[in-house]
Structure formats: structure tokens, C-alpha cells
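Residue numbers (the numbering used here), protein chains in the order written: chain A, 1 to 458; chain B, 1001 to 1458.
1) Is residue 325 of chain A close to chain B? Criterion is C-beta to C-beta, closer than 8 Å.
2) My output table needs one value for residue 1284 of chain B: the three-state DSSP class, helix, strand or coil.
3) If you scan the region 1384-1432 of chain B from start to end, which runs of the beta strand (DSSP E) of 3 or more residues do you find wholly inside it?
4) Relative to the alpha-carbon of residue 1434 of chain B, which residue among B:1035, B:1117 and B:1386 has its alpha-carbon at the smallest distance?
5) Could you pull the DSSP bridge partners for residue 304 of chain A from this structure?
6) Can you find a C-beta in chain B that's less than 8 Å from the C-beta of residue 285 of chain A?
7) The alpha helix (DSSP H) that contains residue 1367 of chain B, what's its start and end?
8) Counting only the same chain and skipping the five closest in sequence on each side, list residues whose C-beta sits under 8 Å from that of residue 1375 of chain B.
9) Unbroken beta strand (DSSP E) runs of length 3 or more, entirely within the region 134-195 of chain A: which are they?
10) Identify each residue in the region 1402-1420 of chain B for which the Cβ-Cβ distance to at least one residue of chain A is less than 8 Å, and report them in chain order.
11) Look at the alpha carbon of residue 437 of chain A and the alpha carbon of residue 443 of chain A, and state the distance between them as a whole number of angstroms.
12) Between the alpha carbons of residue 386 of chain A and residue 451 of chain A, how many angstroms are there, rounded?
13) DSSP on residue 262 of chain A, reduced to helix/strand/coil?
14) So, at 8 Å on beta carbons, what are the nonlocal neighbours of residue 1345 of chain B in its own chain, with the 5 sequence-adjacent residues on each side left out?
15) For residue 1172 of chain B, I'd like the list of residues in its chain whose CB is within less than 8 Å of its CB, leaving aside the five on either flank, ordered along the chain.
16) At what residues does the alpha helix (DSSP H) containing residue 276 of chain A begin and finish?
17) Can you tell which of A:134, A:49, A:411 and A:421 has its C-alpha closest to the C-alpha of residue 383 of chain A?
18) For residue 1051 of chain B, does the count of other Cβ atoms within 10 angstroms reach 16, so buried, or fall short, so exposed?
19) Give the interface partners of residue 1313 of chain B over in chain A, defined as CB-CB distance under 7 Å, in chain order.
20) Using 8 Å as the cut-off, can you tell me whether the region 1174-1188 of chain B makes contact with the region 1100-1119 of chain B, which would need three or more C-beta pairs spanning the two stretches below that distance?
21) Listed from N- to C-terminal order along the chain, which residues in the region 223-235 of chain A have their beta-carbon within a distance smaller than 9 Å of any beta-carbon of chain B?
22) With residue 1447 of chain B as the anchor, note down where its alpha helix (DSSP H) starts and where it stops.
23) When DSSP labels each residue in this structure, what does residue 1053 of chain B get in the three-state scheme?
24) Hey, how far is the Cα of residue 1160 of chain B from the Cα of residue 1237 of chain B?
25) State the Cα-Cα distance for the pair residue 1023 of chain B and residue 1047 of chain B, rounded to the nearest angstrom.
26) For residue 309 of chain A, list the residues DSSP reports as bridge partners.
27) When you compare the CB positions of residue 1456 of chain B and residue 1379 of chain B, do they come within less than 8 Å of one another, or not?
28) Below 8 Å on the Cβ atoms is my guess for residue 192 of chain A versus residue 393 of chain A; work out the distance and round it to an integer in Å.
29) Does any CB atom of chain A fall closer than 8 Å to the CB of residue 1317 of chain B?
30) From residue 1006 of chain B to residue 1035 of chain B, what distance separates their C-alpha atoms?
31) Cβ of residue 1031 of chain B less than 8 Å from any chain A Cβ?
32) Opposite residue 1085 of chain B in the DSSP bridges: which residues?
33) Closest to residue 1440 of chain B by C-alpha separation, out of B:1107, B:1220, B:1314 and B:1132, would be which residue?
34) Since residue 110 of chain A is in the beta strand (DSSP E), which residue starts that stretch and which ends it?
35) Could you give the residue range of the alpha helix (DSSP H) that holds residue 1058 of chain B?
36) Since residue 321 of chain A meets chain B, which of its residues come closer than 8 Å, beta carbon to beta carbon?
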């Protein structure tokens, strides 16, 4: 049978596929640091030639307002699939914590199996290569792909995709397909194949409280002059009540309760909340007291202060009353929440808490709605079948507490549903020193996509 | 009359006295920056030779564990006075805000009279030179000083006097006198001659709240993991109640009410609270609601957060849940408050507010008790007479919201009362760019000390 032939081809090719991934990992395509712009360009070039080597000739490096995109097209009948991944990587700081050069990737034997070590191994070069290698083996066996496929690889995901929206709008026709496959997520609990069906949105705002018109000496003004840190901390302290609920007026309005079947699916996952928190040294869920930990993470909104600063913050002491103090606040949003409304309600709440001789400055740091994907579409069943056959485990339909803006863009700009499948593990150290990707993730990831192509086009 | 002769000598000498001050201002004796250590040493050398030029031969640069002290002795009968000042200066950052080189001092004509511009002009080189120049004119007229005088000049005041305590303990006999004259304070409201009779103490503590054992991604952990910034802001927000009172248990125990005569003296000062706050862009006193602004500044204790930091504080956004967050808290203390007790009560209060999976780290950043000087001593009357005659204004007995640790050291180590007299004005920009000292402050300051020496020894 042809599926078996392709899977055998994948197995036969694993060493050379790994070598190709190592080649890509050697390119330090750090997108946020402009001194690596040439390397980002080199990574895009490398991918163009890689895609050509599959036998896909319609491929190009497409300029954007930032680092280039790579777009390839393979004609075919049946569903039109778009595959998305990103070739850029996070910076490597703190470099001193790496046990090897982040851009000299290595295959290392561990008690848990072979791992591929290097910056980008898991996020996202290793993941995007699972799909390219699946295509390679498929074409090697069949001479062509089973359906129309567009490859769409970005080089700015790790710095907030500043060029994406405009690029997508300008290339709408070329990028529109039946569904977007996004390979940038993880297995559930490092073991079950997972499809992400809900993504939280994000709203971020910087709040600066301004008091006196200059920094003051606490000896001369202490006790008499308002301290913006005191005002700011009172505001932040009141964003949650004692039960962990966010106190912004209207914050929970219009949030639907989780469908019962989804709740059941999540209960069935056997998620170990104690272990999840225990892994990072914690033992008390910090969210709404009446919610399960998975709800706190996937289906309930949050409010967090991600950064706070004001006054003297270096070593020792300076008895300053600062003129201002700032906090970066972000919200993970869920279905039913409108970022603009919540931003306005937050601002209004802050203004009502402001003493008469303080002012406040608000700065928008981003906003995006939550996404929920329609799992009743046949493509979800195809993915479910393919993944459970490859991993010999039931597929987890999971939420994701994070925000993947590209999925929101596909939805809002191209009116495309997304299918988020990835093979990363929780201990892959993405964004951190000593990033790795299990060889198992890479190997079974490639095989998963082969099975998915077969299912989706059968 | 001999006093008149000395005052005339002061007037006659003003230009050369100013030139000598400019010479001292040209030495960049920034004590906190070790790259200026040679300049601190040069300033000490300059002062030794300056004191010799007065005719005082028993003078030396005395090594300490940091920058050197300068000690001079002039024998005499009558009271033994010790004069204290400091020759070191603050750093000049931000240098871009200076309208001239901070170490190329200038005499500039302004609508309000001539000013001496340069780092240290007011704090404290200009002030310490008022006393040396007073001695110079006195000796020029009389051939000797009217009493025994010890000159004690420090080079580390601006970096917290790290060597002072040990130096004072090791040189107890040489430094003990009847009273210490400290010239490092200001006129009241830039117009009335002032004697500081109360100094607030200082207690400083850094509090670090620690949650997870590493920084977490708010997408993966937000809602479930405790955020140390949330805990820290709740703690700081609760340090004051709605009426501006500090909530630490026992904080106000043992604080005596202000004596009625002191309260009356302060009421008589005609202090303009609106103008004081208005000058820095504020209009609401932020302290205890039932206290006057001068009480808030001089006789009531305070609590302020002088610095707060945690999470991502650079430009833009990073959706991090930080592993820890820190605040630098300081208290201005008044008579009756024990820094050690308050520190323990603060720590206990913080511990009771700590969620079970957070820990807290405390770091001591300094402690010193408040001081109150006995104004019934004859030396205070002498100063009062001298100052009111020179300035043609009644003398203000004032409090000082700041802490002048040297006064505490003189008291606790040498059992000496201090007499704090200074001629700085509120707009001298000490510690800031474009520091200046009014030529009037310098001139009338010298004359004030001449009158004081006459009164104190009459």
C-alpha cells in the first residue's frame, strides 16, 4: 500500500533528514536583532533551495517590510492546504547557560532517547521541517503531492510578526487555501498527540502613573508628596479580588461556559495539576478559585502584570520619590471578550482610582481576540485519525493558553480555519538555553504528516 | 569694634574668597565613582594647604578606609567647636542637562543676583568654605581664632560615609569637642536663616517576593501560576490606609506629640504649603490626613517605596510571569521609633500576607534613629542672635525631613550635640544638573559664621 511505502521512505531517510535539519539549525536566524538580518535572509534562501530539492519549482523568497517570507506552491487536486511555519529563532541570551554553541547543533543520546540540540530545534525549525520532509518522502514515492499545497514560511514570528498583516493583505489571493496547517505547538503532556482547538487572545497595555514634575528627595518631600509607586501598586492590587477574579467591570460578560463535551474531553485527559505546578516550584493554582487548572489555563481569561518599574532599581538605596511609575499589564482573553471594550473599561477603572494630582498615560501594547476552531470539519477527523494511528494514543483536543496571532490573521484576513498540530515536548526549553527537539518528535512528526496527507485526501 | 573689623575684612576679601571656592569647584571629587579617587585625594590636599594658608599649621590629610578625611586643629580657650563639612560631590549625570561644564565653575549675573555655578557649589564646597573664609578673616584681623576649633572635612558623604563610623571610633579623642557645627543645610523657604533642631531617621529595606523557580510564559502558565508582582503590589498597597497612615503594627507607638511651643514656632513660619507642593506640580498633601504639611515633612514618620521592579521593563511587551519582584521601601523615622522594631514588624506583616507558595527575601539597606537637639543650650542662643543680626530676619528653628547620619554619629559615638546651620536655597539644584550657590549665600554665610564666633565666645 502506498502509505506504507511513504512511511518506509521516511524511516529510510531519517538520517539525511536530520542532517538537513542540522544544516538549517546552523544558520543563526535571530529575527529580533538586526545584526542577524543577513542570516535570516540566508535561512530563507536555504529553504527556497530545500523546497526546490523536493521537486517543487514554484517557490520564491518574497520580500516583506521586514525579513523575507518563503512561499512555495505545488499544484494538485482535492483540498488546498496551506502549511505555515517560521524559520526565525529567539535570541540565545543568557549565552552562559548553554552547554554548547547554540548554532552548532548536536545529536545527543539521553536516557529518554536521542535529542537534537540547538536554538530553533523545536521552535520552529524542527517542526517546520517535519512537514517538508513528509512532502519529500511523498514526492519520492509518488512523484507528486496528493493535493494542492502552499508552503508559507515566515521569518519574524519571534519578534511579533510586524510585517505579516500587510503582507497577508497584499497577497491574499496567493495565500488563501481551504485550511491552514500550523506546526508550532506541542504534544499534550509531552505524550498525547494534540490538536489545539482554542487559543486565548491577548490584550496588553502599559500604564504610567505620573505625580510630581520631577523626581523628589524623600527627605525633603517624603510624607507630603504623592508617590506614584504607591498609586500604581494600589491599582494593580485591586485588579483581582480575593477569589482570584479580575475586578474590571464587565470583564466576564459574554464569556460562554465551556461546552459540556469539551469539559468532558479535558477531564478525560488526566491532567496532573499538582505535577504541572510542582514542576516550576509552585503548589497553589492562582486563578479563579472555582475553576479547574485546565480551565484557568485554556478557557478562562487572566490578568497579569508582566513588568513593573519605577524609582531606583539598581543596587543599594536611593531615597527618591519618583516622578512616575509604570506597569505592563496583559490579559489573556477568551471567546466573547472584546479587547477594545476591556481596554476602555480598564482605563476607566484606573482613572477612577487616580488621586487628583496624579495623571495617567496609557500605551497600547497589542490586542487580539481569542480563537476557537470548528472541530466538526472533516479535516479535523482526518487529523485525528492520522495522529492516533501514528502515536497509538487517542488525540487530545486541547486548548492553548497562549496566543498564536497567525491563526487570528488567517481567520480575519483570509477567512481560513487553522489546524494546529505540533510535536514539541514540554521540556524542549524553547526560548531558553539548551533548546532541544526529540528525535522521536521529528521522526514521528514527519510520519504524522504523511498519514495526515493520506487521510485528508482519501 | 573688632567684629566690625572682621566683617569688613570679609567684604574686602569676597572676590579672592570666591576665587578660592572656584579653585576647589574645579576638582571633580565625585566620591561614588572610583575613577575619581585621585580627584578626591586632590581636593583633600587642596583643603590641607588652604587651611595652612589661614595660619593653622596642625592640619593633615587623614587616611580612612575610603577617601581621606581632612582634620585641622586651632588651639584656643573658651568653647571647643568642631566644624564639619564634606568636600566630595555627587555625580553629574545626566550630563546633557547641564548648560556648562560642571567642573568649569562660573559666576553668572541673574535677575536674582550673582550665582556661583558648578557641581558642589552648594553641596557642600560652597558651604564648607563659608566657615574657612570666616576663620581666614578672623585670623587676619585678630591673629588667632577666638576659641579652640577642630576642622573636620569628609570625602564620602555623597556615597553614604562608609568609612565614617570606624574612623570616628578610632579617632574619638581627637574629634570630640563641645559641639559640632554642621554646614550642609538650607535657609528656610530660601529666605529665613534656619537652625535645624530635628532630623528624621531612616530605615530602608528591600523586599523580594519569589514565586516559581523560573520565569514563566504567561501563555502557558497565566491564570494558574502565582505572579510575584501581584503579591508584591498587594503588600505595598496595604502599607498605607485610606487616611494616609502607615499600617505596620506598632508603627506609631511611642511617638511623642510635638511640643506646643515647637508647633507654635512652625505655625509662625508662615509656610506656604500650596506653593511648596505647587512648585513640583502637586496640590494634595499625601501624608496623614490630620496633620499639617510641616508635620508630615518634619515630625511625622513616613513610608515610601523608592523603587520597584520585576518582569519585563524594556520597550514593548514580553508576556512573562516573572519568578520574582522586588521593592525598595524606606521609612523616615521620628523620635520614639526604633528602627529594629519597625523592621521586624514590617517583615512579620509581609510574611502574614504571603501566599503559601511564595517566599520572601529581606535585605537591610540601612537604619538610623531620628535626632532632636536641645535648643536650650547657650550655643543655640548664640547662633540665633548671630544669624538674625546678619540676615535681619528672625531665625527659624526648623525640622528636617531628611536624615543627616553624621549628626547621629556625633551623638552616638562622640556624645556631641550638633548645630546645623546652612545657607543653601531651595533652588540650588543640589544633586541635579546646573547646581548653583547664590553669591549672597556665600557672602552672608561667611559673615554669619564670623558673627557666630563672636557671639559664642563673648
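The beta-carbon is built from N, C-alpha and C at its ideal position, and this holds for glycine as well.
Judging by the given coordinates:
1) For residue 325 of chain A, the nearest beta carbon of chain B is closer than 8 Å to its own beta carbon.
2) coil
3) Runs of the beta strand (DSSP E) spanning 3 or more residues and lying entirely within the region 1384-1432 of chain B occur at 1396-1400 and 1417-1421, in chain order.
4) B:1117
5) A:330
6) Cβ-Cβ to chain B under 8 Å: yes for residue 285 of chain A.
7) That residue, residue 1367 of chain B, is in no alpha helix (DSSP H); its beta strand (DSSP E) goes 1359-1368.
8) 1195, 1197 and 1397
9) 148-154 and 179-182
10) 1402 and 1403
11) 10 Å
12) 5 Å
13) helix
14) 1248, 1249, 1250 and 1251
15) 1413 and 1414
16) 273-278
17) A:421
18) buried
19) 307 and 309
20) no
21) 223, 224, 225, 226, 227, 229, 230, 232, 233, 234 and 235
22) 1439-1456
23) When DSSP states are grouped into helix, strand and coil, residue 1053 of chain B belongs to the helix group.
24) Distance between the alpha carbons of residue 1160 of chain B and residue 1237 of chain B: 29 Å.
25) 11 Å
26) A:326 and B:1309
27) yes
28) Separation of the CB atoms of residue 192 of chain A and residue 393 of chain A is rounded to 5 Å, and the pair is thereby assigned contact status at 8 Å.
29) yes
30) 41 Å
31) No, its Cβ sits nowhere closer than 8 Å to a Cβ of chain A.
32) Partner(s): B:1153.
33) B:1107
34) Its beta strand (DSSP E) spans residues 106-110.
35) Counting along the chain, residue 1058 of chain B falls outside any alpha helix (DSSP H), though it belongs to the beta strand (DSSP E) covering 1058-1062.
36) 1304 and 1306
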